[in-house]
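Structure below.
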């Protein structure tokens, strides 16, 4: 097996044996060396094997960023399972929808999770609930496996051979009822992308990162794996609510890397004077999850003149990463998302699948070892985006004469708000459940800090029934906090085509 | 209206979407209970600056000052001294 195809769990095992005392992860509960993390990984794997896991079984997890997250995730791999890491902000309805769709046999969920009781009460038979972490007093007494069943396992790693082509992970990118989209990635997909990222970031065991990105998204997922594959260290900070604390930790923990989305950097630059801190060890920053405004990039360059800034672009369907802008080009190629990452091909194509000339807008298409296998149990949706091995991203762009890519828009109506990509359909489904609502259309509208915020246009059944709070309250009960519409407007009818399709661009134009 | 009532009503109205006072305990952690995220905290700061005529310094953006109604009331009290 070539190094490129070696599953990440095998690389982790090698690092843990060669650098047992190196710091792997520091979280709020403590610091964990590679050997300590490997012991925890082995315990999770030992439990799953003993509990009857067969190779390829899906194991879902709802765990916030922590050493436990890595232990469960790599433990599932070490046992031969497929990870299904779910959004920890999601409500029970989405979590149950995903576990059901993936036909998961186990659900690892943090003891203190706000939806624990609801999920425990509604979970189907045939799926075992495993409480992650020490029990909380308010936890119900439903049949479940306590964390102690894991920590009592022996700490020797099982020696299971995984094929590079075996399915490694399913990552859900939306949660619409009936047809959630689960991106399936093989061990080879993830390994290929991790190799490419390590190559252009020049990551080594000397690197450490302060991580604020959720691991359940592909961006955070790649940060976790790139570091554990080279023997680097991850210092976890689980929220950006208090930005100067984040910068304080970057300085105090002497980290070499930091990754964020445009709103991360807007928040840091807006609320913190970076010049007040010694950030001389910060070798690089990465930014993905939407185009960074050139003015924001300029401010970052001015505030951190010695730090390399990598602007990047990708999709979950590509394991994470597709392009990067070499830091030395950031001034000359303002606004560009760069060039293809190593070992990946990018073309901009028209609707007839022909490569367009520089300056002409087309769809970004990608080919490489990192491209997903397809959407889980959805051949139709898979065929829409995968053709002859090429991924059709749905994102529109053009190149300049040097081949650098510039995003021009996207053909899907996904909303990008902060680090989140949100399907409007999910929100529309929830709002439509209310008796007072006749029709609803949800769009993203521009926002300086978050890129976009969510706005719902609602046609009420009764023109007098326009209680915004009742709608937002219903959303809060059923949707993750970041999916609650910030703005609601009642209108008499939705703009539609002759065939009845809602013309969302008319609604968006109202806002711009 | 007391500062506590003003802050409680603002949180109830804008983040819990209700006027039911029992929906929020003044000691509830905004983060632990999933009431606010990072943009929500910024909105709360703008509200406090407007409503109480104070300036929240970046270094004062810490949970001890902002993560519950009680913490905010105490923080405003200290700022007003």
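Chains as they are written, first to last, in this note's numbering: chain A, 213 to 724; chain B, 3 to 83. We put the beta carbon where it would ideally sit given N, CA and C, even for glycine. Only a predicted model underlies this, so the values are computations on that prediction, with no experimental measurement involved.
What is the C-beta distance between residue i and residue j, in whole angstroms, given that I count them as a contact (C-beta under 8 Å)?
| i | j | result |
| --- | --- | --- |
| residue 429(A) | residue 631(A) | 7 Å |
| residue 497(A) | residue 470(A) | 5 Å |
| residue 307(A) | residue 274(A) | 6 Å |
| residue 491(A) | residue 516(A) | 6 Å |
| residue 585(A) | residue 379(A) | 7 Å |
| residue 317(A) | residue 270(A) | 7 Å |
| residue 290(A) | residue 232(A) | Not really, about 17 Å apart at Cβ, beyond 8 Å. |
| residue 696(A) | residue 670(A) | The Cβ separation is near 14 Å, so there is no contact. |
| residue 43(B) | residue 18(B) | Not quite, the Cβ-Cβ distance comes to about 15 Å (not below 8 Å), so this is no contact. |
| residue 376(A) | residue 399(A) | 5 Å |
| residue 433(A) | residue 583(A) | The Cβ separation is near 16 Å, so there is no contact. |
| residue 431(A) | residue 422(A) | The Cβ separation is near 15 Å, so there is no contact. |
| residue 560(A) | residue 576(A) | 6 Å |
| residue 503(A) | residue 549(A) | 7 Å |
With 9 Å as the threshold, decide whether the Cβ of residue i is near any Cβ in chain A.
| i | result |
| --- | --- |
| residue 36(B) | yes |
| residue 19(B) | yes |
| residue 4(B) | no |
When you compare the CB of residue i with every CB in chain B, is at least one pair closer than 9 Å?
| i | result |
| --- | --- |
| residue 685(A) | yes |
| residue 337(A) | no |
| residue 214(A) | With a pLDDT of only 47 at residue 214(A), under 50, the local geometry of the prediction cannot be trusted, and the value read off the model is given with reservation. Residue 214(A) does not count as touching chain B. |
| residue 301(A) | yes |
| residue 628(A) | no |
Under three-state DSSP, which class holds residue i?
| i | result |
| --- | --- |
| residue 287(A) | helix |
| residue 12(B) | helix |
| residue 518(A) | coil |
| residue 641(A) | helix |
| residue 48(B) | helix |
| residue 458(A) | helix |
| residue 238(A) | strand |
| residue 247(A) | helix |
| residue 588(A) | coil |
| residue 672(A) | strand |
| residue 690(A) | helix |
| residue 65(B) | helix |
| residue 401(A) | helix |
| residue 507(A) | helix |
| residue 696(A) | coil |
| residue 561(A) | strand |
| residue 414(A) | coil |
| residue 57(B) | coil |
Which partner residues does residue i have in the DSSP bridge list?
| i | result |
| --- | --- |
| residue 272(A) | 296(A), 319(A) |
| residue 342(A) | 320(A), 357(A) |
| residue 499(A) | 472(A), 523(A) |
| residue 607(A) | 622(A) |
| residue 535(A) | 525(A), 552(A) |
| residue 21(B) | Its beta-bridge partners do not exist; DSSP assigns none. |
| residue 543(A) | DSSP lists no partner for residue 543(A). |
| residue 396(A) | 382(A), 586(A) |
Do we get a CB-CB distance below 9 Å when we pair residue i with the residues of chain E?
| i | result |
| --- | --- |
| residue 26(B) | Included in the structure are the protein chains A and B, with no chain E among them. |
Task: Contact list for the stretch 39-63 of chain B against chain A, Cβ threshold 7 Å - done: 39, 40, 41, 43, 60, 61, 63
Open item on the list: Give me the subset of the stretch 681-711 of chain A whose CB atoms are less than 7 Å from a CB atom of chain B, sorted by chain position.
Closed with: 681, 684, 685, 688, 693, 694
Open item on the list: Please identify, using Cβ separations under 8 Å, the residues of the stretch 450-463 of chain A that lie next to chain B, in order along the chain.
Closed with: 451, 452, 453, 454, 455, 456, 457
- [ ] Return the residues of the stretch 477-488 of chain A that lie within a Cβ-Cβ distance of less than 8 Å from chain B, sorted by chain order.
- [x] 479, 483, 484, 485
TODO: Residues of the stretch 400-422 of chain A with a CB closer than 7 Å to any CB of chain B: list them in chain order, please.
DONE: none
Task: Selection of the stretch 656-670 of chain A by Cβ proximity to chain B, strictly under 7 Å - done: 661, 662
Task: Cβ-based contacts, 9 Å cut-off: residues of the stretch 323-337 of chain A near chain B - done: 324, 326
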